[in-house]
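Protein sequences, first through last, are from chains A and B.
Using the working numbering, the first residue of the first sequence is number 463, and each one after it goes up by one.
Using the working numbering, the first residue of the second sequence is number 463, and each one after it goes up by one.
For each residue, glycine too, the CB sits at the ideal point set by N, CA and C.
All values reported here derive from a predicted model rather than from experimental measurement.
Worksheet for the structure shown next.
2 protein chains.
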Amino acid sequence: MQPPRTLQYVDRPGIIDLGWGHPMPSALPVDAWRASQEEALREYSWQALTYGYEAGPGPLVEWLCERLGETDPRAPAPDEVFVTAGASQGIELVSTVLTRPGDAVVVDSPTYHLALRILADRDVELIGAPADDDGIDPHATGALLRRLHRASRRVPLLYLVPTFANPTGRSLPDPRRRELVEVARDTGTTIVEDDTYRELAYDGPAPPSLWSIDPAGVVRLGSFAKSVGPGLRLGWLTATPAFVRTLTRRGFVDSGGGLNHATALAMAVMGRSGRFAGHVEAIRTRYRAQRDALVAALRTELPALVVTPPHGGWFLWLRLPDGMSAAALLAAAERHGVSFLPGNRFYAQPAGDDRLRLSYSMVEPAALAEAARRLRAAFTTPATRYR
Amino acid sequence: MQPPRTLQYVDRPGIIDLGWGHPMPSALPVDAWRASQEEALREYSWQALTYGYEAGPGPLVEWLCERLGETDPRAPAPDEVFVTAGASQGIELVSTVLTRPGDAVVVDSPTYHLALRILADRDVELIGAPADDDGIDPHATGALLRRLHRASRRVPLLYLVPTFANPTGRSLPDPRRRELVEVARDTGTTIVEDDTYRELAYDGPAPPSLWSIDPAGVVRLGSFAKSVGPGLRLGWLTATPAFVRTLTRRGFVDSGGGLNHATALAMAVMGRSGRFAGHVEAIRTRYRAQRDALVAALRTELPALVVTPPHGGWFLWLRLPDGMSAAALLAAAERHGVSFLPGNRFYAQPAGDDRLRLSYSMVEPAALAEAARRLRAAFTTPATRYR
């Protein structure tokens, strides 16, 4: 028998794989994290190893409130923050609290493919929201929500990644943000805003979170997976104090003394020490260079494609020429030594075979240029041309 | 506004509180954990900070298989192990997978009070199993399960802590273990065995787990909360390979790359280095001395009570004299500067007002002796005598 694996990532020799939304190994802050966890154990000693406060330890909550005051127009109060075991666990927790089996849940089109699976685990019906190249369409989404209500459906939750989105890399324009929170408020639907990529802003500040626009109607999920490291399983959310209290009263949150107490205290030290801010600045520079390399290479190799550079995050979303299939292209691409995720993975409904997601996060600039050359070769393989 | 809290524990000056099932602060392995997390980052470097294998990283799984081969008759194979974010999160996860709203779930009488809350969060009906002073009664529980089936109820799950139980400190006798797994197999009910206290065995080895007797019919939950520290939020379970695969396919497990990857790698180092075994040996000695101190003090101060010394774990379960109420005793006890949890917290049904749980885990021997003196004073307060 093979020994059990350590990592999720599976290397495929010969393939430059733009399918993985994983961090660049050399951009993970091993030294900064080592120093932070060491100092946290020195400062908090046994307090780091015992049961923590259910909503997350005060030192992390207080630093988070400061940091969010710098990266978003509205700083949360401490009682508006709940520390999670990562954004994925946050989606699991929030959707467990808000939904019942059989509910309708509206999701962006496209949206984070694994969030679709987390939500589907709740035995709800996932319904893709009307959207265009600017993102979710608030007006048409309002009509959808009202239609569902008239059909006596509960629609407790609307999920989207409005900022440097997975998979599109795009951010919802400001007027749509304001319209969307109004539409949700009018229909009594809670927006679950996945704000995982806020810190990875390459061309100026990230847009205001939906939560900052309507703190009463939005649960906003954040994460340290992209800013520090996904292996830590640490994230947070901002919501109303009443919703935070509801989460702290869940049996397993009370029984466990919060969701990742020791790691949260080490992160508080990483934040307060300035190491977090310094590291984020450094990885913005790196990931920006990777984005630039992929955008430039695609424009050189595939000049007929429209390449819209994302202003943050890890993903580039491409529309294929008319009649071309992402599934067919994927087979040809892998034969040419490059891979990606086909667009249909990111929709609740059958859609997206004319799209693909390229992740530039874990591939160096030179390899991204080579990936674009291999993609061009795949594009010109006759069998990939038509659906 | 008060700054947000760091810990779950709330100190009440003047009260020796035997209500908390928390570790002794000075028994938490701050130095051993510091060394282990430091070595893990040196050995695994960036691999500790990225997405982990969904079932938990191989190094921890392999060490766990060895350790369980030493403390239980059956060592799991690697594909029978899944790493959780603590036993509480394990109960949440397993009960989410196994149950549907409206199901009946059978629990021991008494059993871990916060597990009752975790299970109740699933919108199931909790039904206390027939039990006596030796623990759950397999024969009568079989009759209960068959009665529920005849009434067309689904009963997917039976929860208990059979070894050094919370709250009783007792272990289910071996013949009942064998009868119980047979009864559950016959009725198609999965036993969820909370095996949190296995490492805290004070008078010889712990009894065989139910999982070791019937690996096909039992999901056994373990934890590092009592052996290392609850703040780490790390545990594990053993189950069939098929059940482990089901868990790895949950959306948030896949999306997050396992449930607590970096912490799991540090624990693998703590295990392999021998620090885990050395630390467990040391805390067994300490907690054994605390148990002995409380048992001796109770026998001196309250000689009319039957005090059954637990062979492991953190809890002592007392039956009050006929007609005496734990709720009334608690009020008198707090006036005399001692506290505990009344027995009724530990039952799915109204019961247990003639019982109380004393935790000796976070109180030094001298204070345990004083606590017993204060309890005697409360016992002799006239108002506490009768319900």
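- Its chain contains Leu581, Val586, Leu588, Leu619 as the residues whose beta carbon lies nearer than 6 Å to that of Val567/A, once the 5 sequence neighbours on both sides are disregarded; these appear in chain order.
- Pro535/B is positioned such that its CB atom lies closer than 7 Å to that of Ser674/B.
- In terms of beta-carbon proximity, Asp583/A lines the interface with chain B, with at least one pair separated by less than 7 Å.
- Beta-bridge analysis with DSSP links Gly697/A to Thr546/A, Ser685/A.
- Ile478/B and Ala701/B have their alpha carbons spaced roughly 40 Å apart.
- Contact of Pro538/B with chain A by beta-carbon distance below 9 Å is absent, the smallest such distance being about 11 Å.
- By the CB criterion at 7 Å, Ala794/A and Ala840/A fall inside the cutoff.
- Among the residues facing chain A, Ala828/B is not included, as its CB has no counterpart in that chain under 7 Å away.
- By the criterion of at least three beta-carbon pairs nearer than 8 Å, the stretch 531-550 of chain A is not in contact with the stretch 500-507 of chain B.
- The contact set of Trp495/A on chain B, defined by CB atoms closer than 9 Å, consists of Leu503, Ala510, Leu511, Ala724 in chain order.
- Residue contact check for Glu763/A against chain B: no CB pair falls below 7 Å.
- Cα atoms of His601/B and Ala593/B: separation of roughly 10 Å, rounded to the nearest angstrom.
- Under the 7 Å criterion on CB atoms, Ser557/A is classed as non-interfacial with respect to chain B.
- The three-state reading of DSSP puts Gly631/A in coil, since its state is none of H, G, I, E or B.
- About 17 Å separates the beta carbons of Val623/A and Thr651/A, which is beyond the 8 Å limit, so they are not a contact pair.
- Positions of the alpha helix (DSSP H) runs, each at least 4 residues long and wholly inside the stretch 716-790 of chain B, are given as 723-734, 737-763 in order along the chain.
- Around the CB of Ser488/A, fewer than 16 other CB atoms lie within 10 Å, so the residue is classed as exposed.
- Setting aside the 5 residues that flank it on each side, Leu803/B is surrounded in the same chain by Gly481, Arg819, each with a C-beta closer than 6 Å to its C-beta; the list follows chain order.
- Between Ser571/B and Tyr749/B, the gap from beta carbon to beta carbon reaches 7 Å or more.
- Counting C-beta atoms within 10 angstroms of its own C-beta, Ser614/A has fewer than 16 neighbours from the protein chains shown and is therefore classed as exposed.
- Residue environment: Arg753/B is assigned as buried (16 or more neighbouring CB atoms within 10 Å of its CB, all protein chains considered).
- Sixteen is the threshold: when 16 or more other Cβ atoms of the shown chains lie within 10 Å of the Cβ of Asp816/B, as they do, the residue is buried.
- In the DSSP assignment, Ser498/A falls within the alpha helix (DSSP H) that extends over 492-506.
- At a Cβ-Cβ threshold of 7 Å, Val706/A and Asp676/A do not count as neighbours.
- The alpha carbon of Arg467/A has as its nearest neighbour, out of Pro465/B, Gly518/B, Lys688/B, Leu696/B, the alpha carbon of Gly518/B.
- Going by DSSP, Glu587/B is part of no alpha helix (DSSP H) but of the beta strand (DSSP E) stretching over 587-590.
- In the three-state reduction of the DSSP assignment, Asp479/A falls in the strand class, which pools E and B.
- CA-CA distance, Arg761/A to Ala497/A, rounds to 42 Å.
- Note: Thr652/A is bridge-paired with Leu619/A in the DSSP secondary-structure output.
- By the criterion of a C-beta distance shorter than 8 Å, Tyr513/A is surrounded in its chain by Gly718, Gly719, Gly720, His723, once the five residues flanking it on both sides are discounted.
- Residues of chain B whose Cβ lies closer than 8 Å to the Cβ of Gly514/A are, in chain order, Thr468, Leu469, Gln470, Gly693.
- DSSP lists Phe777/B as the bridge partner or partners of Ser821/B.
- Between Phe738/A and Glu661/A, the alpha-carbon positions lie close to 10 Å from each other.
- Within the stretch 520-550 of chain A, those residues whose Cβ lies closer than 7 Å to any Cβ of chain B are, in chain order, Gly520, Pro521, Val523, Glu524, Pro540, Ala547, Gly548, Ser550.
- Proximity of chain A to His741/B at the Cβ level (cut-off 8 Å) is not reached, the minimal Cβ distance being about 11 Å.
- A residue is called buried when at least 16 other Cβ atoms come within 10 angstroms of its Cβ; Asp595/B does not meet this threshold and is exposed.
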